[in-house]
Amino acid sequence: MEFFTQTASTWDEQGLKAALSMADLPKWCEAIEAHLESDEAASWGRYDTIWGVFEITRMPIRGGYRYLLPHCPNALTWSVTTGLPPDLDAVVVHATINRENHEPDFIESLEEFVDAWRVGIGRMAEASAAD
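The sequence shown: position 59 = 78 (this note's numbering), numbered continuously.
Following this line, the structure appears as structure tokens:
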């Protein structure tokens with residue numbers, strides 16, 4: 020299953036990557052409720068999320084980062100990217116799980132997760148502009 024959202028932004032790829040620190044993920048997405056520990060150099064962290072405590076790993080990709088929960092039973096991954104066609108000024112969040120179908124409440128939680136990223140990107144953009 021796939022889930023998408025996007026929002027307008029002034030970030031370019033380098034600025035977005037610089038801002039998306041492992042320790043600050045809860046500031047970007049309220050569904051990632053708390054940062055428990057992380058290693059920025061290893062692009063790894065442990066977080067309390069709306070689904071429980073999970074390890075999150077990060078990989079640089081064109082336009083931003085791909086994140087994954089390596090121990091998630093649904094193999095949740097998502098990317099946060101900018102500067103790519105068709106809308107070079109948008110930040111796009113694209114999440115996937117390895118299931119064609121799922122329980123409605125879990126699907127709703129994934130939709131909320133992606134929307135929480137959209138809201139957080141807007142909030143972080145406003146905070147960055149104020150600096």
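Virtual Cβ for every residue (Gly too), placed ideally from N, Cα, C.
Can you tell me where the alpha helix (DSSP H) with residue i in it begins and where it stops?
i   : result
P79 : Where P79 is concerned, there is no enclosing alpha helix (DSSP H), although the beta strand (DSSP E) it sits in stretches over G71 to I80.
Please name the residue in the options whose C-alpha comes closest to that of residue i.
i    : options                  : result
A27  : G102, E56 and A149       : G102
E119 : L39, L107, A94 and A109  : A94
H113 : F125, V133, M143 and M41 : V133
R100 : C91, P92 and V111        : A small fix is needed here, since residue 100 is Thr in this sequence, not Arg. Of the listed residues, the one whose Cα sits closest to T100 is V111.
S147 : H121, F23 and D31        : D31
Over the uninterrupted beta strand (DSSP E) stretch that includes residue i, give me the two end residues.
i   : result
E52 : I51 to D58
L87 : G83 to L87
D67 : W63 to T68
T26 : E21 to A27
Under the assumption that residue i contacts residue j (Cβ atoms under 8 Å), give the Cβ distance between them as a whole number of angstroms.
i    : j   : result
P89  : T76 : 6 Å
D106 : Q33 : Not really, about 18 Å apart at Cβ, beyond 8 Å.
K46  : Y84 : Actually they are not in contact, since the Cβ atoms of K46 and Y84 sit about 15 Å apart, beyond 8 Å.
A42  : S62 : Actually they do not touch by this definition, with Cβ atoms about 12 Å apart.
So what does DSSP say about residue i, is it helix, strand or coil?
i   : result
A42 : coil
W30 : coil
Counting only beta-carbon separations shorter than 9 Å, does residue i have a partner in chain D?
i   : result
V72 : Given the protein chain composition of this structure (a single chain), no chain D is represented.
Extract the residue ranges of the beta strand (DSSP E) inside the segment 91-143, only unbroken runs of 3 or more that lie entirely within it. 96-101 and 109-115
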